[in-house]
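Everything in the sequence shown is counted per the numbering used here, starting at 871 for the first residue and increasing by one. Here a beta-carbon is modelled for each residue, glycine too, at the ideal position from N, C-alpha and C. Here's the structure we're looking at; comments come further down.
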Amino acid sequence: MHVAIVLGTRPEIIKMSPIIRYCEELGLDYSLIHTGQHYSYEMDAAFFHDLELPKPGYKLNVGSGTHAEQTGKIMVGLERILIHDRPDVVLVQGDTNTVLGSALSAAKLNIDVGHVEAGLRSRDRTMPEEINRLLTDHIARYLFAPTELARSNLLQEGIDEEKIRVTGNTVVDAVLQNIEIAEQRSRIFRDLDLMPGGYFVLTAHRQENVDNREKLGNLIAAMRELHSIYGLPILFPAHPRTLKRLDEFGLSVPEGIRILEPQGYLEFLLLERSARAILTDSGGIQEEACILHVPCITLRENTERPETLETGGNILAGTDPGRILQAVSTVLSAEASWTNPFGDGRSGKKIVDILLGDR
Ligand code: UD1
Ligand code: UDP
């Protein structure tokens, strides 16, 4: 069996890494295709380095662009490779334009699509990611749902039960496989002169947040207040999209917020684990906060990861400063003793074994 693993952005590299490692371990016939949706060293190559991943066999170099430009380039580029290689399965992960473009190309060539992290729903169709997930799920042959809730979302939409398997989320594998390596290798606390528990972590990159001047301005105002109340630094490894918008909107970052380059995975895992709390609009970071038992405030009105809300360790706060501060106070007083809902850290193995068993 030949599996083509397609990835293109930071979270896909991280969450595909356990699958790639297992394919390597088995000596499986697989190919690695990088669309090039992310391309800056710290959003892309840094993760291949940190996670010791093999170089992709193909690179499409699609780069940035509008949704249609990016998705279209991915489709055209991948189609050529798929016609040439005819893999048995194309494996995609998550909800990016890389995922939808790749799934469409494969499905139109009657090549089976496997969707890792299937069945997540925010119920907000203004989000590009919701469109990408929905459409990919409906053309996939294998739906690897991380939780029972994700499975039930798929069943409600009429997707054939036989195509769905609950495997957990490979993010758990990634955290467990890398946290000890991080402890041994990373000097991040010394480099940034930090004390564990003595800082907040902030990330924001959602289109609906950072491309909107008012919302981004509100987030910055909320951080100013957070710093003045708790007196702790707020570490902000800024996504390139967000840096660009801060500059375009002429928004300056107040005292107390430390803008950093996007961090390597090992550094970021340690920063997450010892943060007083994490404030984020990221999907993967909500999950990692939950896995690491760190309080999380989600800077959105909805989440496709409601399992994290049920633990009491994550609260939706949108972008209003008053709500954000209230949420910080609530989540800091919650008991951090929840059970991780995303699986046992063997999802990558389960996914590959299902594919192998089915052929
Ligand atoms: C994309 C995904 C989003 C995911 C995020 C992970 C879509 C629709 N969005 O958002 O779901 O959460 O990746 O981080 O697929 N840029 C760089 N260097 C890079 C990549 C991007 O400078 O390596 C800048 C460019 O100015 C670009 C902007 O960031 O225009 C946005 O990049 P893009 O890939 O379109 O979307 P993300 O915001 O990264
Ligand atoms: N991440 C990282 N360095 C950073 C910020 C995030 O390694 O500076 C990792 C984080 O641990 C998580 C993933 O990137 O695994 C989340 O990616 P992102 O927030 O870009 O995308 P999303 O998960 O929202 O799609």
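Integer-rounded CB distance, given that residue j should sit under 8 Å from residue i
i     : j     : result
D1214 : G989  : Not a contact, Cβ separation roughly 19 Å.
A1147 : V1198 : 6 Å
M945  : S975  : 5 Å
E999  : D965  : 4 Å
V1036 : L1225 : Not really, about 15 Å apart at Cβ, beyond 8 Å.
T1173 : S934  : Contact flag wrong, Cβ pair sits at about 26 Å.
R1076 : R1170 : 7 Å
V1201 : I1185 : 5 Å
G1183 : C1160 : 6 Å
T1112 : A1074 : 6 Å
L1162 : R1143 : 5 Å
G1153 : D920  : Wrong, their Cβ atoms sit about 20 Å apart, outside the cutoff.
I903  : P926  : 6 Å
Closest Cα partner of residue i within the set the options
i     : options                   : result
P1165 : T941, Y909, V962, Y1069   : Y1069
L970  : L921, T879, D994, V1042   : T879
A874  : G1134, I981, I884         : I981
E882  : M871, T905, E894          : T905
D899  : K943, Q1047, R956         : R956
E939  : H872, P1191, N967, L1141  : N967
S1217 : H919, Y892, L1096, R1083  : Y892
R1115 : E1137, R1083, I953, V876  : R1083
M886  : D1228, G1227, K1219       : K1219
L1062 : Y1100, A1091, P1107       : P1107
L979  : L948, M997, I1001, D994   : L948
P1191 : S1022, G1087, S972        : G1087
E1125 : A916, A1091, P1110, Q1156 : A1091
Status (buried if at least 16 other CB within 10 Å, exposed otherwise) for residue i
i     : result
P924  : exposed
T936  : exposed
R1003 : buried
E922  : exposed
L1139 : buried
Q963  : buried
I953  : exposed
H908  : buried
S972  : buried
Determine, using beta-carbon pairs with one atom in the stretch 985-1000 and one in the stretch 1013-1021, whether at least three such pairs fall under 8 Å.
Yes, the stretch 985-1000 is in contact with the stretch 1013-1021.
Any contact of the stretch 1001-1009 with the stretch 1023-1031, i.e. 3+ C-beta pairs under 8 Å?
As far as the Cβ criterion goes, the stretch 1001-1009 touches the stretch 1023-1031, which means the pair count is three or higher.
Heavy atoms of the ligand UD1 versus C-beta positions, residues under 7 Å
That query returns the following residues: T879, R880, P881, Q907, H908, Y909, S910, M913, D914, S934, H937, Q940, D965, T966, N967, T968, P998, E999, N1002, H1075, Q1077, H1109, P1110, R1111, K1114, S1152, G1153.
Evaluate contact between the stretch 1200-1217 and the stretch 1174-1191, counting only Cβ atoms and requiring at least three cross-stretch pairs below 8 Å.
Touching, per the Cβ criterion.
Tell me whether the stretch 1121-1131 and the stretch 1041-1051 touch, counting them as touching only if at least three CB pairs, one residue from each stretch, are closer than 8 Å.
No: the two stretches stay apart, fewer than three of their Cβ pairs being nearer than 8 Å.
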